[in-house]
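Chains as they are written, first to last, in our numbering: chain A, 34 to 559; chain R, 34 to 559.
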């Protein structure tokens, strides 16, 4: 990282630590480097329960976000004179939000788009956001389209105004649940010299637990914008959903939820939110929760409770992001998603919906891993390792010339029971869950050997059977013999062989000295 | 709790906080009250990384366990002279283990069974264990039976020796995976005046991740011993499995794992164990993990690392037990099990195996809950609320005299479309996932109304269909009309009606003014 001064279009550096669409990255700013995934805690100077200095010194948070609209309206020149860092008493990275969301919710517009860009520059913000038009949840197509076009117009205009070459700018992508608009907005914003792109307007969607919709929106945007651009998700700040968003490619978040929830007496956990009164025990070891019991906190005054909860909520967010980074680093992000999916049916639906993005995930995930992978149930077939195995098996594996028999089996390896000549003319496929019929010679390769699973071969997923069917369709001219295959897998094998006209011999008896010469009469022929 | 002095056979008090077979309880000892579920951290005076005084003062741990065999062998009279509390500098509850497990593993026997009972009394232990014969994992039936009988003999003998009336005694139940032996041992030990019963010998089973076997053992024992007896699980101390054990009825644990794992550089989490070198981020907010980053800890000397990890591991155990207690208190223990099941396929198998204990769970779980319940997938049909609904529906709900038609429907309620006379002769059943066909009048009762689920009615589990089949078998003489039912549920309805000879009218058109008088020709009749 020799020369990082001056204007940089790509201040984001991807590290080799990747899993699914998630990655650990470094964002280079004027004030230092920010490791991602990261959540900017949003600071409200009017009501802040934890001072910016404490956020940095006690919580180790090297970047915060503050609303430029609120700063301008309430403090105006005082912030310009001091600069936002001195004004907030914070020497880390300060991102400023344009306040577009507040204007959407509370109405009114105090500043013209160009004014708010200039204001962010004038206060010395490190990362700014143009004044976009958020797409309200439930907006019809025309309304959404108008907002998208106006956002694009303002984005172009902004680059005529921006003069501070060291500031980074976030380009908000709009369109909401109109995925085609979202896609065209992503394309447009990617063409402008933004350093960071952002998915706008998810707040209502998050409030309504529509994680399925959110997933679609993130995947749509991420499949269009280049991997070199960090993706920010506006207004997302609950530990239960970070892993989903990161797995689909979000790098940055900002949220005031830690403080807003605290004001409402709400306690965040990675599996949901609880009211303080509902807690008899703190399911947490953080600095706040290890000091007190819920009954003690409840007896304190409102200010203490708010401060206590803000501290805990922030710790819960920080802990979950660390856990996600560790999962990216050790390749267990899918497993983490599966755990978080059981925090709420809405998250479960989104996890179940990962099947829609399996191609995208497969393209971006690392092709091998140090650790093993876990297989729990059918939803796990969509993990990239399993999808990739099936894809590569179909693309790369074929039956060599001269082989005219496939022996499909379960249990112990029958190869030693065959004579040399017979082995030359035979290929062996072992039935394993969840991969299906797997060539014997691939059994010890990744990910087959590294998969620790639950379930029996009877539960082998239908998708695995379909892959084998497709393989047989592409590789004609063999007969199949089965050994120790029964139940549903055998039935499906029979169906496929009948459909494709492949001779099938069931429960072939290879005998103690190999099968050379004779077949037993016990075999049934179809 | 007026008079709690003197000998007490039942020093264990159950609170109303219960979920599944788990409960929050209070164990009254000479030195104070212990809230359960609880894990006694095992203290080894020869190698202890965290002093007993710190365990109490910094970690808030009001009870520890120490091995009487190790005390006697290494310190003998010094412990007797000082008393174990002064010797260990710990003024909380001290439980002593007899050392039977060490004798099993390392062989040799230094003390006769009566000597070790007397020794525990003489040092002033608060809770003692008789010298039992643990059943080694893989022991054949005869070997196991010999150990069980000898344990019973020693247990009877112990009550001839015990003189300290204020001490509590733990009776170990043996038999290992020989469930009939385990059952007879549970029965025998329950008949003796032990204050606490314990499931012995799970260490090898835990080491081999055989949580499925462990579940069977706990359920076997818990179905025999009275609820008033707390159940201790020897040697269990990993946060990933506490919830499973508690859900099946374990109240107490003891373990030195926090320290032993620390010595081996291993870091415990609720979803598994990692080596310190594998960690780039600490996925935890505890006092240890919020001070340092893994790379910093790795640079320190062996002693510091061991101490650091012991501290974290202990915090991880404490946090998980708090989380479990909170889950018992708010009725979400099943949800917690589901999350932990995705920590490892072995835990998932055990969770999937909960179906075997659904009767036991159903009998002991509270019959109503303040909060809602989540339904994620088919494994959740075994949760007591759903099982109980089906059971009660079959036991208590019947079709009144004069009703000759059942309208089964999905979507919006069709009642208003019918005339008064027709309503009198009709009952309505709505198809919902996962409950199946549910009487209209029960839709807003617990747990139906309180269930938040994922999945569509197409995914309604086969078990729900079977319940409706059984209901129809018991309630003859009606015809069925279906409205907006299609796909697999309709097919199954057709199968059942055909099997039971019930007339079925499909996609009945109730018309705008009710159906009185005429039926449309569009309906198909079977």
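Glycine residues also receive a C-beta, built at the ideal position from the N, C-alpha and C atoms.
Exercise. Residue 369 (chain A) and residue 276 (chain A): beta carbons closer than 9 Å?
Worked result: yes
Problem set entry | Distance CB(residue 108 (chain R))-CB(residue 78 (chain R)) smaller than 9 Å | yes
Exercise. Excluding sequence positions up to five away, which residues of its chain have a Cβ less than 8 Å from the Cβ of residue 203 (chain R)?
Worked result: 128, 160, 161, 162, 163, 227, 228, 229, 230, 231 and 265
For this session: Consult DSSP for residue 508 (chain R) and reduce its assignment to one of helix, strand or coil.
Result: coil
Exercise. With which residues is residue 485 (chain R) paired in a DSSP beta bridge?
Worked result: R:407
Exercise. Out of R:377, R:464 and R:182, which has the shortest C-alpha to C-alpha gap to residue 500 (chain R)?
Worked result: R:464
Exercise. Expressed to the nearest angstrom, what Euclidean distance is found between the alpha-carbon atoms of residue 165 (chain R) and residue 49 (chain R)?
Worked result: 33 Å
Exercise. Helix or strand or just coil, what does DSSP make of residue 327 (chain R)?
Worked result: helix
For this session: Pull up the CB-CB distance for residue 59 (chain R) and residue 46 (chain R), whole angstroms please, since I reckon it's below 8 Å.
Result: 5 Å
For this session: Could you confirm whether any beta carbon from chain R is found closer than 9 Å to the beta carbon of residue 301 (chain A)?
Result: no
Problem set entry | Contact with chain A by residue 318 (chain R), beta-carbon distance below 9 Å | yes
Problem set entry | alpha helix (DSSP H) runs wholly inside the region 207-257 of chain A, at least 4 long, in chain order | 212-224, 236-240 and 244-255
For this session: For residue 113 (chain R), collect the residues of the same chain with a Cβ closer than 7 Å to its Cβ; drop the 5 residues on either side in sequence, then sort them by chain order.
Result: 155 and 156
For this session: Check the Cβ-Cβ distances between residue 524 (chain A) and every residue of chain R, and say whether any is below 9 Å.
Result: no
Exercise. Which bits of chain A does residue 408 (chain R) rub up against, with CB to CB less than 8 Å?
Worked result: 378
Problem set entry | Start-to-end residues for the alpha helix (DSSP H) that takes in residue 21 (chain A) | Residue coverage of chain A in this structure runs from 34 to 559, which leaves residue 21 (chain A) outside it and unanswerable.
For this session: Check whether the region 369-387 of chain A touches the region 344-363 of chain R, taking contact to mean three or more Cβ pairs, one atom from each stretch, closer than 8 Å.
Result: no
Exercise. Where do the ends of the alpha helix (DSSP H) carrying residue 113 (chain A) lie?
Worked result: 110-115
Exercise. For the alpha helix (DSSP H) that contains residue 47 (chain R), what are its first and last residues?
Worked result: Per DSSP, residue 47 (chain R) belongs to no alpha helix (DSSP H); it is in the beta strand (DSSP E), 45-52.
Problem set entry | Through-space distance from residue 436 (chain R) to residue 450 (chain R), alpha-carbon basis | 17 Å
For this session: Could you tell me how far apart the beta carbons of residue 466 (chain R) and residue 490 (chain R) are, in whole angstroms, since I believe they sit closer than 8 Å?
Result: 5 Å
Exercise. If we ignore side chains and look at the alpha-carbon of each, how far apart do residue 430 (chain A) and residue 504 (chain A) end up?
Worked result: 9 Å
For this session: Look at the alpha carbon of residue 287 (chain A) and the alpha carbon of residue 89 (chain A), and state the distance between them as a whole number of angstroms.
Result: 16 Å
Exercise. Where in the region 361-448 of chain R do unbroken runs of the beta strand (DSSP E), each at least 3 residues long, occur, reported from the N-terminal end onward?
Worked result: 406-408 and 438-442
For this session: Closer than 6 Å by C-beta to residue 556 (chain A): which residues in its own chain qualify, once you throw out the five before and the five after it? Chain order, please.
Result: Residue placement at residue 556 (chain A) cannot be trusted, given a pLDDT of 37 that sits under 50; the coordinates are not used to answer.
Exercise. With which residues is residue 126 (chain R) paired in a DSSP beta bridge?
Worked result: R:96
Exercise. Would the C-beta of residue 226 (chain R) count as close to the ligand GDP, meaning under 8 Å from any of its heavy atoms?
Worked result: This structure simply doesn't include the ligand GDP, nor any ligand for that matter.
Problem set entry | Cα-Cα separation between residue 85 (chain R) and residue 76 (chain R), rounded to whole angstroms | 7 Å
Exercise. Can the beta-carbon of residue 317 (chain R) be found closer than 9 Å to that of residue 302 (chain R)?
Worked result: yes
Exercise. According to the Cβ coordinates, are residue 243 (chain A) and residue 283 (chain A) closer than 9 Å?
Worked result: no
Exercise. Listed in chain order, which residues of the region 480-495 of chain R have Cβ atoms closer than 8 Å to some Cβ of chain A?
Worked result: 485, 486 and 487
For this session: Identify, in the order they occur along the chain, each residue of the same chain with its Cβ nearer than 6 Å to the Cβ of residue 184 (chain R), setting aside the five sequence neighbours on each side.
Result: 165, 166 and 207
Problem set entry | Which of helix, strand or coil DSSP assigns to residue 271 (chain A) | coil
Exercise. Closest to residue 497 (chain A) by CA distance: which of A:259, A:177, A:414 and A:118 is it?
Worked result: A:414
Exercise. What number of angstroms, rounded off, separates the C-alpha of residue 364 (chain A) from the C-alpha of residue 422 (chain A)?
Worked result: 17 Å
For this session: Would you list the residues sitting across from residue 204 (chain R) in a DSSP beta bridge?
Result: R:230
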